[in-house]
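To start, the structure under review is shown below, and the notes come after it.
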Amino acid sequence: MKSKALLSIAVVGVLAAGAGYLWYGKSDQPRVLFIDSYHEGYAWSDGITAGIGKVFADNQVTLKIHRMDTKRNKTEEFKKKAALRAKAVIEEFKPDVVIATDDNASKYLIVPYYRGGRLPFVFAGINWDASRYGFPASNVTGMVEVNASVQLLETLQTFSGGVTVGFLSDDTASTQKELKNSKEVLDLQFDKVTLVNTFEEWKQAYLEMQEQVDVLYFYNNAGIKGWDDVAASRFALENAKIPSGAVQAWMAPYVLMVFPKDATEQGEWAALTALQIANGVSPSEIPMVQNQRSSPLINNSLARRLQLDIPPELMAGTSTSVPRQ
């Protein structure tokens, strides 16, 4: 579907138009196409869009946004057709550079039609490892998305009496993948790992962790049978002895702090990189990076329980970048 809404980037606000939007200025400005794997209204996509808009508001470009909508439409047939629709948009719009976010845009569009070609691409939101798509390539660079586990654990260790870390989560394939990637990509080593299937197993493991490690990383509760949100929050508050954390926002009731990924960081980096390319820098000269920024969430009840003095910037949930060691 073609976008039919036009809006000058100098004007505050954006007009919806089916699959995308078009912000326009002068004809000699760089033309940037943003291809989103997902849809408007999906919080992650909206955050990336906000980051791109923030950069381009101060740098005049002609920007078109096209949504593939493959989060709500998951079949292989739809994804392949969505890629062909995006390809048609590229051919019509003739961008100087394309920003493509999340895995489906890379898998179904860049790899089969554009990798190694002349049109430059900047990706963001590819989880953990971009090499499966053959990135970086001569015309492709980007930001690889990783969890903020390193920053989280470094911060938690400043509040603990030691450095040993316990990993507690549901016993699922996604958790096994998280453990594998944490080791291989982030070089994280856990002193104790416990994966559980039931709520009762989680409670027992939680108690054991309080005595056996200095910091608890509670990854996910989604696959724990019999999970009770209210009971779990109360149990954690009543039995916490050590700092705990997570990287999923929905885990906030059960841990001291959460370091969720910041989607706007990825949008800002992609937009700034697109400007570099539009100004003549080759994608091959721009190294791939990993996201580092997070907007911490603090469980004030657990902070009081542990009698911790949390810095004001963390208590306020402001965006905080914690450098990797």
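The sequence shown maps to residues 3 to 327 in this note's numbering.
Backbone N, C-alpha and C fix where the C-beta goes; we use that ideal spot for every residue, glycine too.
{"Asked": "Look up phenylalanine 301 in the DSSP assignment and say whether it is helix, strand or coil.", "Found": "Rather than phenylalanine, the amino acid found at residue 301 in this sequence is asparagine. Asparagine 301 falls in the coil class under three-state DSSP."}
{"Asked": "Okay, do the segment 181-191 and the segment 280-289 touch, 3+ Cβ pairs below 8 Å being the bar?", "Found": "no"}
{"Asked": "Since glycine 144 and isoleucine 128 should fall inside the 8 Å C-beta cutoff, what is the C-beta to C-beta distance between them, to a whole number of angstroms?", "Found": "7 Å"}
{"Asked": "Starting from serine 50, trace the alpha helix (DSSP H) in both directions and tell me its first and last residue.", "Found": "Reading off the sequence shown, one finds isoleucine at residue 50, where the question assumed serine. It spans 45-58 - the alpha helix (DSSP H) in which isoleucine 50 sits, taken as one unbroken run."}
{"Asked": "Please list the segments of the beta strand (DSSP E) lying wholly inside the segment 86-161, counting only runs of 3 or more residues, in order along the chain.", "Found": "99-103, 123-129, 142-147"}
{"Asked": "Please name the residue in Val195, Thr103, Phe237 whose C-alpha comes closest to that of serine 303.", "Found": "Phe237"}
{"Asked": "Starting from the C-beta of tryptophan 46, find all residues in its chain whose C-beta is less than 6 Å away, skip the five residues before and the five after it, and write them out in chain order.", "Found": "Ala265"}
{"Asked": "What does the alpha-carbon distance come out to for the pair serine 39 and proline 114?", "Found": "15 Å"}
{"Asked": "Taking C-alpha atoms, which residue in Gln292, His68, Ser297 lies nearest to alanine 132?", "Found": "Gln292"}
{"Asked": "On the CB-based measure, 16 or more other CB atoms within 10 Å of its CB, does valine 195 come out buried or exposed?", "Found": "exposed"}
{"Asked": "With respect to the beta strand (DSSP E) encompassing phenylalanine 169, which residues constitute its N-terminal and C-terminal limits?", "Found": "167-172"}
{"Asked": "Express the C-alpha separation of aspartate 231 and glutamine 278 in angstroms, rounding to a whole number.", "Found": "47 Å"}
{"Asked": "Between which residues of its own chain and alanine 251 is the CB-CB distance below 8 Å, once the five residues before and five after are set aside?", "Found": "Val260, Pro262, Leu299"}
{"Asked": "Can the beta-carbon of aspartate 216 be found less than 7 Å from the beta-carbon of serine 162?", "Found": "yes"}
{"Asked": "For arginine 33, which residues from the same chain have a beta carbon less than 6 Å from its beta carbon, with the 5 sequence-adjacent residues on both sides left out?", "Found": "Thr64, Pro97, Asp98"}
{"Asked": "Looking only at its chain, what residues have a beta carbon closer than 7 Å to the beta carbon of valine 148, apart from the 5 residues adjacent to it on each side?", "Found": "Trp130, Val187, Leu188, Gln292, Asn293"}
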